[in-house]
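Comments concern the structure below.
In this note's numbering, the protein residues as written are 85 to 341.
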């Protein structure tokens, strides 16, 4: 394949779940009902070879144990996207066992490896500073979020583009985006800011989520959603910016990756 695009097709019911690929958190979300969708994996694939997928099921917000009806299952799907979106392969995934109510389970998890072949190599955050070596981690991470929020509030879009450059380069490479498609991702944030969307106050209950084998950090709400949210008071619409940060080698402050 020229441009292989890896995804999992999953169904989740009555649970909070986290999907991590090669140490990178791809999604953290609470589903009170049922949801089925496709989750792209390429942003977590840095090079060809063995990939390690980890899925963890957790109790819903405010609960101590897994819901008795909690379910999660997935399969792998591989598409060729060079000339469209053609399904090339379906690979076996995993179905979590039913929750044993008598055991009052606090979590279930599963790890699976698979082989991927991609025409690129990504190596940015891997060279970052281990977060155990970062002083005042919480304060520095909050400052990093505050900088992004201020760029949006103050309509300082050149600074916003610069701050998100590494993230967009990674996404453009791993998702095979054309230049105009990549630019459209940031332009959509700018358009939202110009059309009445405002940055919501920082959720003080949010918790730091560490990933990337101890080199990546992000604040997440208790329900797993990203902490940086834009809200349009006229339409009631919300836009969540799912950002992740690292400290580049030789630097002391967090940057978006």
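Built from N, CA and C at the ideal position, the CB exists for glycine as well.
Go to residue i, then tell me how far its beta strand (DSSP E) extends in each direction, as first and last residue.
| i | result |
| --- | --- |
| residue 115 | 108 to 124 |
| residue 255 | It is not in any beta strand (DSSP E) - residue 255 instead sits in the alpha helix (DSSP H) that spans 249 to 258. |
| residue 275 | Per DSSP, residue 275 belongs to no beta strand (DSSP E); it is in the alpha helix (DSSP H), 263 to 278. |
| residue 92 | 88 to 105 |
Under the DSSP definition of a beta bridge, which residues are partnered with residue i?
| i | result |
| --- | --- |
| residue 295 | 300 |
| residue 330 | 339 |
| residue 137 | 105 and 196 |
| residue 315 | 282 and 322 |
| residue 142 | 100 |
| residue 310 | 304 |
Since residue i is in the alpha helix (DSSP H), which residue starts that stretch and which ends it?
| i | result |
| --- | --- |
| residue 229 | 221 to 237 |
Return the chain-ordered list of same chain residues with a C-beta closer than 7 Å to the C-beta of residue i, the five sequence neighbours on each side being excluded.
| i | result |
| --- | --- |
| residue 211 | 333 |
| residue 225 | 292, 301, 303, 329 and 338 |
| residue 132 | 200, 201 and 202 |
| residue 153 | 97 and 98 |
| residue 107 | 295, 296 and 297 |
| residue 185 | 152 |
Between residue i and the rest of its own chain, which residues show a CB-CB distance below 8 Å, the 5 nearest in sequence each way excluded?
| i | result |
| --- | --- |
| residue 235 | 241, 243, 244 and 247 |
| residue 100 | 112, 113, 114, 115, 141, 142, 143, 144, 145, 307 and 308 |
| residue 170 | 163 and 164 |
| residue 86 | 164, 166 and 203 |
| residue 294 | 215, 300 and 301 |
| residue 341 | 208, 209, 212, 250, 251, 254, 300, 328, 329 and 330 |
| residue 342 | Outside the modelled stretch of the chain, which goes from 85 to 341, sits residue 342, for which no answer is possible. |
| residue 228 | 329, 337, 338, 339 and 340 |
| residue 130 | 106, 205, 206, 207 and 210 |
Give a yes or no on whether the minimum CB-CB distance between residue i and chain C is below 8 Å.
| i | result |
| --- | --- |
| residue 238 | The chain labelled as chain C is not found in the depicted structure, where only one protein chain is given. |
Given residue i, which residues of its chain have a CB within under 6 Å of its CB, disregarding the five upstream and five downstream residues?
| i | result |
| --- | --- |
| residue 277 | 236 |
| residue 280 | 316 and 318 |
| residue 124 | 91 |
| residue 102 | 112 and 140 |
| residue 104 | 138 |
| residue 109 | 295 |
| residue 188 | 149 |
| residue 157 | 95 and 179 |
| residue 233 | 283 |
*asked:* Whether or not the stretch 318 to 325 and the stretch 201 to 216 are in contact is what I'm after, with contact meaning three or more pairs of Cβ atoms, one per stretch, closer than 8 Å; do they touch?
replied: no
- prompt: With contact counted as at least three CB pairs below 8 Å, one residue from each stretch, are the stretch 119 to 126 and the stretch 86 to 95 in contact?
  reply: Touching, yes, given that three or more Cβ pairs across the two stretches are closer than 8 Å.
- Count the CB pairs spanning the stretch 162 to 178 and the stretch 101 to 116 that are closer than 8 Å, and state whether there are at least three. no
* Could you say if the stretch 248 to 264 and the stretch 293 to 307 meet the contact criterion of at least three C-beta pairs nearer than 8 Å? => With a cut-off of 8 Å, the stretch 293 to 307 and the stretch 248 to 264 do not count as touching, because too few Cβ pairs lie within range.
> Within the chosen definition, does the stretch 120 to 139 reach the stretch 191 to 199 through at least 3 CB pairs nearer than 8 Å?
Replying inline: As far as the Cβ criterion goes, the stretch 120 to 139 touches the stretch 191 to 199, which means the pair count is three or higher.
Segments of 3+ residues assigned as beta strand (DSSP E) that fall wholly inside the stretch 149 to 199: 155 to 164 and 170 to 179
Check whether the stretch 308 to 316 touches the stretch 273 to 293, taking contact to mean three or more Cβ pairs, one atom from each stretch, closer than 8 Å.
yes
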